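Below is one structure, written out as structure tokens; comments come after it.
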């Protein structure tokens, strides 16, 4: 488990918040950056600024119907995006999507911390039973992150993605509400209200 790793994350000024219209320019630049787009299996063609603005606007209608999307922020500045999407309320399942867009902050623990916060929110805030994800086989750093947080490998979709002229395998992972998960440290700004023990 990644409890020790989460304790080493710098939680100062680190939080997940709604995405704002003011974030549009940075989001658009990340959506068009090949190194982000390809590893996250995102938009394959050019994304116009207007398209990104419209996407941000439509998030208001999607919130908790099929998606819960957050900006990863440090000291108020957006560094990336974390989301639960494809939410199925009947089966209590969702899919995880996350990326750290700011190259200067990759490897700093933001991805680990943001994923842990989203899992906490999904299981303890939304009462989901299962959260899954898909990741390229070659994305070893992302796979290690998910495995640290308790995701289990469930299978390989062979030759399922085309990247840079080569067919790539895609790995499927999932974590259940009943699985062991790393504990968030007290300084983490959870998206779920933590009741004092005296009130329980």
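In our numbering, the protein residues as written are 816 to 1015.
In this text, a Cβ means the ideal position worked out from N, Cα and C, and glycines have one as well.
Keep in mind that this is a model prediction, so the values were computed, not measured.
_Option in 996, 834, 826, 858 with minimal Cα separation from residue 893_ = 834
*8 Å Cβ cutoff met for residue 963 and residue 991*: no
*What are the boundary residues of the alpha helix (DSSP H) that includes residue 929?*
925–935
*Take residue 832 and list the residues in its own chain whose beta-carbon comes closer than 8 Å to its own, dropping the five residues that flank it on each side.*
885, 886, 888
_Own chain partners of residue 1004 with C-beta closer than 6 Å, once the 5 adjacent residues on each side are dropped_ = 830
*At what residues does the alpha helix (DSSP H) containing residue 875 begin and finish?*
864–877
_Could you check whether residue 907 and residue 943 sit closer than 8 Å to each other, using their CB atoms as the reference points?_
yes
*Give the range of the beta strand (DSSP E) segment to which residue 986 is assigned.*
981–991
_Sequence-distant residues of its chain with Cβ nearer than 7 Å to residue 965 (five each side left out)_ = 816, 990, 994, 995, 996, 997
*Excluding sequence positions up to five away, which residues of its chain have a Cβ less than 6 Å from the Cβ of residue 868?*
839
_Can you find the residues in the same chain that come closer than 6 Å, C-beta to C-beta, to residue 986, ignoring five residues on each side of it along the sequence?_
950, 952, 971
_First and last residue of the uninterrupted alpha helix (DSSP H) at residue 959_ = 955–963
*asked:* Report the CB separation of residue 946 from residue 909 in whole angstroms; it is logged as a contact under 8 Å.
replied: 5 Å
_If contacts are defined as beta-carbon pairs under 8 Å, then residue 916 and residue 870 qualify, I think. What distance do you get, rounded to the angstrom?_
With a Cβ gap of about 15 Å, residue 916 and residue 870 do not count as contacting.
_Going by DSSP in three states, residue 971 sits in which element: helix, strand or coil?_
strand
*Distance, residue 876 Cα to residue 941 Cα*: 18 Å
*When the Cα atoms are used, what is the spatial distance from residue 968 to residue 988?*
4 Å
*Do residue 873 and residue 897 have their C-beta atoms closer together than 8 Å?*
no
_Please return the same chain residues whose Cβ sits closer than 6 Å to the Cβ of residue 975, not counting the five positions on each side in sequence._
985
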